[in-house]
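J.: The numbering of the sequence shown is the UniProt record's numbering, which starts it at 1 and goes up by one. We put the beta carbon where it would ideally sit given N, CA and C, even for glycine. Treat the numbers as computed from the prediction; the structure is a model and nothing was measured.
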Amino acid sequence: MCDCGSHQHEIPAYDAQAIENKWMRAWDEENLFAVEEDSSKPKKYVLEMFPYPSGDLHMGHARNYTIGDAMARQARMRGYDVLHPIGFDAFGLPAENAAIKHNTQAGEWTYKNMDQALATMRRMGFSYDMDRLVKTCNPDYYRWGQWIFEKLWERGLVYRKKSPVNWCPGCNTVLANEQVTEGKCWRCGSEPEKRELEQWYFKITDYAQELLDDLEKLPGWPERVKQMQANWIGRSEGAEVDFTLCDADGNPTDEKITVFTTRADTLFGCTFFLLAPEYKGLMELVEGTEYETPVRRVVAGAEKVSAVERAQGTLEKHGAFTGRYVVNPVSGQKVPVWVADYIVSDYGTGAVMAVPCGDQRDFEFARKYDLPIVPIILMDDELAALEEAGESIDTYHAESVDWDCAHAAEGTLVQSGKYTGMRGGKHSEGEAAIVADLEEAGTGRRSVQFRLRDWLISRQRYWGNPIPAVHCDHCGIVPVPEDQLPVTLPDTLDLAAGETLAECPEFFETTCPVCGRPARRETDTMDTFTCSSWYYLRYCDPHNDQLPFSREAADRWMPVDNYIGGIEHAILHLLYSRFFTKALRDLGMLDVDEPFTNLLCQGMVKDANGETMSKSKGNVVPPSSVIEPYGADTMRLAILFIAPPEKDFDWDEDAVAGANRFIKRAWRIVWQLALAGSADAKLQKGKLSAAALELYRERHRTIAKCTDDFDRQQFNTAISAIMELVNAASAYLNACEKDASVADEALSWLVATDIVSLLAPICPFWADELWHEALHHTDNAYTAPWPEFDLAEAVTDTVQIAVQVLGKLRARVDVPTDATQDEMRSAAEEAVSKWIEGKTVVKAICVPGKLVNLVVK
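This is how it looks when you write it as structure tokens:
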């Protein structure tokens with residue numbers, strides 16, 4: 001048996017740069033990370049959201065990809081057939097703007113950045129199958145984006161219409177509703193304006209209910225993300241109610257305006273009627289009248305404020321009377337019609353029955369323009385006060401209120417005709433009765449509305465996927481034939497001079513594929529989110545030149561088992577990807593309802609002052625700042641150890657230095673164990689010394705905990721457990737150095753192997769070097785099996801208890817785990833004999849497995 005301390009001189013120094021450069025080359029030569037496609041194994045699809053190549057990777061990227069890489073590597077060791085690909089979301093405004101700034105082409109700028117990012121990924125040791133690399137700006141990828149567009153068009157899920165849109169003056173393009181956040185452009189922060197444009201849309205609303213219902217199929221998603229999506233989809237149950245237009249004398253016309261309301265029970269409180277500035281037919285109501293100018297003033301003002309800000313109702317409200325009226329269908333009363341800038345056309349019908357007694361925005365509008373606020377619901381305390389005053393709800397009458405704000409609209413209906421006395425509120429008795437009467441009268445009907453609106457995909461910029469459509473004066477708008485796809489972008493535009501596709505004849509001049517006459521190619525490009533809404537499917541079959549992906553490949557790999565990315569994509573990317581998956585499923589291209597089974601939203605990496613890192617702030621920490629002095633393994637270990645993956649953390653240089661110290665210590669311990677051990681020795685538990693037995697049990701405990709922690713993506717606690725195993729190994733080696741007879745060659749070798757294997761998903765370069773040089777394997781730690789464990793073997797035969805004398809701790813002693821109280825007392829008295837000598841033990845308080853307190857006199 002070897003002396004564990006006799007080989008110190010044989011342990012090589014840990015040289016991170018030399019080791020990592022060596023294994024980068026070796027992994028490349030072996031093509032180690034190529035997917036095996038072994039159907040006999042269970043599959044595991046691990047995917048991080050792919051980056052936008054606006055420059056080199058930053059520490060936020062490093063955290064995202066390190067989390068995914070650790071998952072993928074450990075899954076491979078546990079016997080899964082792992083798909084772990086990477087690519088680039090390469091179209092979009094940043095590249096185009098950068099090209100303009102640097103007087104170059106967007107493609108040239110983008111490919112340069114992708115090459116830099118790939119080099120950094122390689123340096124960080126990420127186990128991507130580079131044969132499956134996807135770049136969305138490559139024609140062999142965006143060809144299939146155009147193909148999918150046309151298939152959705154055939155299915156009726158693509159259409160073109162003229163409507164008010166969000167125009168970003170900073171980006172010079174339109175934005176989908178989802179891309180306006182807190183009244184600002186999600187990309188540049190400008191305040192969007194409203195413009196009337198003809199645009200292309202995806203009919204995502206056809207899937208609104210399924211998108212909402214299927215959130216229940218995603219237990220592996222954070223509840224916060226699911227709630228954000230549910231709120232955005234915004235299902236509302238209510239009724240459509242028809243109001244008939246009338247003249248100033250109350251004489252009805254043949255025209256009607258329909259509103260959607262979830263509170264039909266409040267119809268008697270409707271004292272005025274509101275139209276959105278974008279409401280179609282608004283100007284027809286006022287044209288040529290004295291009301292036209294003030295109405296146009298409101299419309300013009302609303303165009304300068306985003307729909308989101310207007311709908312929030314926090315800005316000062318502006319309105320104008322149209323001179324027209326509608327008839328309340330339940331009361332028969334004449335109600336004035338106003339235009340108001342806090343009403344938007346994106347929800348309901350763009351017309352609203354204003355009930356100022358129960359809605360704060362309507363209340364504020366009524367106060368500003370001196371419109372009546374008629375109470376129609378009494379809350380329980382108000383009703384009680386009314387009854388105490390000896391009044392009846394049937395005789396209650398108030399034409400307006402002196403309130404400071406609107407009241408909660410739940411309670412008993414008053415001043416509501418035959419419905420007075422009924423309970424009011426959503427899904428209430430009063431609501432049901434009024435809707436039933438509306439339906440009988442033909443002036444209303446049950447309805448479900450969604451906040452979600454169809455996805456506007458047109459973009460008026462160059463660097464995007466061209467929409468495959470042709471405008472023909474004779475045939476209308478027709479798709480580009482499939483055999484002519486892809487429609488490719490020209491690479492000769494002078495972006496710096498502001499040239500666009502619409503000004504590039506060599507791009508837009510074409511012939512109609514139907515009649516052969518001269519025609520014009522569509523010059524809008526698709527929203528870049530169309531590219532990222534199906535890329536995970538292309539990874540399954542990246543070289544298919546007949547289809548975007550085969551059904552067989554999708555059936556093998558989908559859905560993605562573990563998806564990692566930021567919470568900022570909770571609505572945009574994730575909602576669109578869910579829509580694409582369902583639409584492609586209905587095209588018969590795959591057999592899953594949801595694309596991502598488990599979603600991990602990693603926390604932000606902040607600077608030492610707690611501020612979010614960003615290039616504009618100049619506080620970004622590049623991976624190279626850690627890799628150059630310490631190595632990629634130290635960076636990976638620090639990223640995973642500082643905090644749980646879902647939590648934000650402040651970048652800590654001390655934590656990085658600490659991670660490097662641990663790697664070096666573990667390196668030394670593994671080498672010592674390997675030199676003291678033997679791969680040929682057989683472990684015999686019954687012959688292990690006490691020190692060896694404790695290490696034997698610790699290895700089982702550690703492997704069990706690491707396995708569970710990896711399953712829960714709690715890498716920081718897994719690393720803590722490995723540190724405990726290293727500590728236990730160090731204690732064992734110290735014991736061996738003092739007494740060579742306590743050592744065991746088989747155990748030493750086994751624990752050395754375990755430490756390397758457990759750290760292999762986290763510190764892969766370090767692990768492969770030790771796997772080859774210290775443990776003499778010819779394969780890789782990446783392909784080695786994950787260590788096995790048996791929790792029963794972790795159970796100790798003895799337990800250490802505290803021994804107190806008169807409540808003061810005097811000793812600790814090991815006793816059998818099943819020791820009786822008499823056995824515990826006997827062991828305790830022997831351990832503290834000098835403290836009780838000459839005294840009488842009058843009582844022994846025994847807590848099994850914990851302590852013995854001796855009471856003496």
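Val725 to Asp650, Cα distance in whole Å?
T.: Sequence index remark: in the sequence shown, residue 725 carries index 725 (1-based). Sequence index remark: in the sequence shown, residue 650 carries index 650 (1-based). A quick correction: the sequence has Leu, not Val, at residue 725. So the alpha carbons of these two residues sit roughly 28 Å apart.
J.: I'd like the span of the beta strand (DSSP E) that includes Cys736, first residue to last.
T.: Here residue 736 corresponds to residue number 736 of the sequence shown, with the count starting at 1. No beta strand (DSSP E) holds Cys736; the alpha helix (DSSP H) holding it covers 715-738.
J.: Of all the beta strand (DSSP E) runs that stay within the bounds of the region 391-478, which reach a length of 3 or more residues?
T.: For the region 391-478, whole beta strand (DSSP E) runs of length 3 or above, ordered along the chain, are 411-413, 444-450, 469-472.
J.: Should Asn113 and Gly55 be called a contact, given that it needs their Cβ atoms to be closer than 7 Å?
T.: Looking up residue 113 in the sequence shown gives position 113. Looking up residue 55 in the sequence shown gives position 55. Yes, they are a contact pair.
J.: If you compare alpha carbons, which of Ile703, Asn734, Leu383 is closest to Ser392?
T.: Translated into positions along the sequence shown, residue 392 becomes position 392. The candidate whose alpha carbon is nearest that of Ser392 is Leu383.
J.: By how many angstroms is the C-alpha of Leu495 removed from the C-alpha of Ser533?
T.: In the sequence shown, the residue the question calls residue 533 occupies position 533. In the sequence shown, the residue the question calls residue 495 occupies position 495. Each residue's Cα considered, the two are about 27 Å apart.
J.: Let me check understanding here. Comparing Cα to Cα, which of Val174, Thr173, Pro192 lies closest to Glu182?
T.: Position 182 of the sequence shown, counted from the first residue, corresponds to residue 182. Nearest of Val174, Thr173, Pro192 to Glu182, Cα basis: Pro192.
J.: Quickly, what does DSSP pair Met526 with across the bridge? List them, please.
T.: Within the sequence shown, the letter at position 526 stands for residue 526. The partner list for Met526 (beta bridge, DSSP) reads Ser458.
J.: Rank Gln116, Ala119, Ala90, Arg123 by C-alpha distance to the C-alpha of Gly107 and give the top, closest one.
T.: As a working note, residue 107 is residue 107 in the sequence shown. Ranking the options by Cα distance to Gly107, first place goes to Ala90.
J.: Need the endpoints of the alpha helix (DSSP H) that Lys834 sits in, please.
T.: Translated into the one-based positions of the sequence shown, residue 834 becomes position 834. Where Lys834 is concerned, the enclosing alpha helix (DSSP H) stretches over 833-836.
J.: State the DSSP-derived secondary structure class of Lys682, mapped to helix, strand or coil.
T.: The residue labelled residue 682 in the question sits at position 682 within the sequence shown. Here Lys682 sits in coil by DSSP.
J.: Can you tell which of Val335, Thr443, Ala320 has the C-alpha that lies nearest to the C-alpha of Thr258?
T.: Numbered from 1 along the sequence shown, position 258 holds the residue referred to as residue 258. When each option's Cα is compared against that of Thr258, the closest is Thr443.
J.: Between the Cα of Tyr325 and the Cα atoms of Leu275, Ala366, Thr349, Gln360, which residue gives the shortest distance?
T.: To locate residue 325, count along the sequence shown from 1; it is residue 325. Of the candidates Leu275, Ala366, Thr349, Gln360, the one whose C-alpha sits nearest the C-alpha of Tyr325 is Leu275.
J.: Roughly how many whole angstroms lie between the Cα atoms of Glu829 and Leu693?
T.: Position 829 of the sequence shown holds residue 829. Position 693 of the sequence shown holds residue 693. So the alpha carbons of these two residues sit roughly 27 Å apart.
J.: Counting C-beta neighbours from all protein chains within 10 Å, is the total for Arg701 16 or more, i.e. buried, or is it exposed?
T.: In the sequence shown, counting from the first residue as 1, residue 701 sits at position 701. Per the 10 Å Cβ criterion, buried.
J.: Please determine whether the Cβ atom of Glu429 lies at a distance below 6 Å from any heavy atom of the ligand GDP.
T.: For the structure depicted, the ligand GDP is absent and the ligand set is empty, with no information on it obtainable.
J.: Look at the alpha carbon of Glu364 and the alpha carbon of Cys405, and state the distance between them as a whole number of angstroms.
T.: Your numbering for residue 364 matches position 364 in the sequence shown. Your numbering for residue 405 matches position 405 in the sequence shown. The alpha-carbon atoms of Glu364 and Cys405 are separated by roughly 8 Å.
J.: Short of 8 Å in beta carbon distance, which residues of its chain neighbour Glu399, apart from the five on each side in sequence? Order them along the chain.
T.: Position 399 of the sequence shown, counted from the first residue, corresponds to residue 399. Once the five neighbours on either side are set aside, the close Cβ partners of Glu399 are Pro372, Val374.
J.: Going by beta-carbon coordinates alone, are Asp362 and Ala354 separated by less than 7 Å?
T.: Position 362 of the sequence shown holds residue 362. Position 354 of the sequence shown holds residue 354. Cβ distance < 7 Å, so Asp362 and Ala354 count as in contact.
J.: Take Phe321 as the anchor and find which of Pro629, Cys357, Leu282, Glu303 has the nearest alpha-carbon.
T.: Position 321 of the sequence shown, counted from the first residue, corresponds to residue 321. Of the candidates Pro629, Cys357, Leu282, Glu303, the one whose C-alpha sits nearest the C-alpha of Phe321 is Leu282.
J.: Met353 lies in the beta strand (DSSP E); which residues open and close that run?
T.: The residue you call residue 353 lines up with position 353 of the sequence shown. It spans 351-354 - the beta strand (DSSP E) in which Met353 sits, taken as one unbroken run.
J.: So the beta strand (DSSP E) Glu255 belongs to, where does it begin and stop?
T.: Locating residue 255 in the sequence shown gives position 255, counting from the first residue. Segment 252-261, the beta strand (DSSP E) holding Glu255.
J.: When DSSP labels each residue in this structure, what does Ile343 get in the three-state scheme?
T.: Numbered from 1 along the sequence shown, position 343 holds the residue referred to as residue 343. Ile343 falls in the coil class under three-state DSSP.
J.: So the alpha helix (DSSP H) Lys226 belongs to, where does it begin and stop?
T.: Here residue 226 refers to the residue found at position 226 of the sequence shown. First-last of the alpha helix (DSSP H) with Lys226: 223-233.
J.: Count Cβ pairs between the region 548-563 and the region 582-593 that sit closer than 8 Å; are there 3 or more?
T.: In short, these stretches touch, since the Cβ pair count reaches three.
J.: Going by the CB atoms, is the gap between Arg263 and Ile639 shorter than 7 Å?
T.: Counting from one through the sequence shown, the residue named residue 639 turns up at place 639. Counting from one through the sequence shown, the residue named residue 263 turns up at place 263. In this structure, Arg263 does not lie closer than 7 Å to Ile639 by Cβ.
J.: Which residue comes first and which comes last in the alpha helix (DSSP H) that contains Glu388?
T.: Translated into the one-based positions of the sequence shown, residue 388 becomes position 388. Looking at the DSSP string, the run of the alpha helix (DSSP H) that includes Glu388 is 380-388.
J.: According to DSSP, which residues form a beta bridge with Gln199?
T.: The residue you call residue 199 lines up with position 199 of the sequence shown. BP columns for Gln199 point to Lys161.
J.: In the DSSP assignment, find the beta strand (DSSP E) that holds Phe321 and state where it starts and stops.
T.: Along the sequence shown, read from residue 1 onward, the residue named residue 321 stands at position 321. Looking at the DSSP string, the run of the beta strand (DSSP E) that includes Phe321 is 319-327.
J.: Nearest-angstrom Cα distance between Asn231 and Pro559?
T.: For this step, residue 231 is matched to residue 231 along the sequence shown. For this step, residue 559 is matched to residue 559 along the sequence shown. If I take the Cα positions, the gap works out to 25 Å.
J.: Taking the C-alpha atoms as reference points, what is the distance between Lys850 and Met824?
T.: By one-based count along the sequence shown, residue 850 stands at place 850. By one-based count along the sequence shown, residue 824 stands at place 824. Roughly 10 Å separates the two Cα atoms.
J.: What does the alpha-carbon distance come out to for the pair Pro486 and Cys706?
T.: Residue numbering aside, residue 486 sits at position 486 when the sequence shown is read from its first letter. Residue numbering aside, residue 706 sits at position 706 when the sequence shown is read from its first letter. Going by the C-alpha atoms only, they are around 48 Å apart.
J.: Return the chain-ordered ranges of every beta strand (DSSP E) run that is complete within the region 587-638 and spans a minimum of 3 residues.
T.: Within the region 587-638, the complete beta strand (DSSP E) runs of at least 3 residues are 596-601.
J.: Is it buried or exposed for Tyr539, if we count other Cβ within 10 angstroms and need 16 for buried?
T.: What you label residue 539 is simply residue 539 of the sequence shown in a count that begins at 1. Its Cβ being crowded by 16 or more others within 10 Å, Tyr539 is buried.
J.: To which residues of the same chain is His407 closer than 7 Å at the C-beta, ignoring the five residues directly before and after it?
T.: By one-based count along the sequence shown, residue 407 stands at place 407. Here the set comprises Cys357, Gly358, Met379.
J.: Considering only C-alpha positions, which residue in the set Met526, Gly424, Ser39, Val35 is nearest to Arg143?
T.: Position 143 of the sequence shown, counted from the start, is the residue given in the question as residue 143. Per the Cα distances, Met526.
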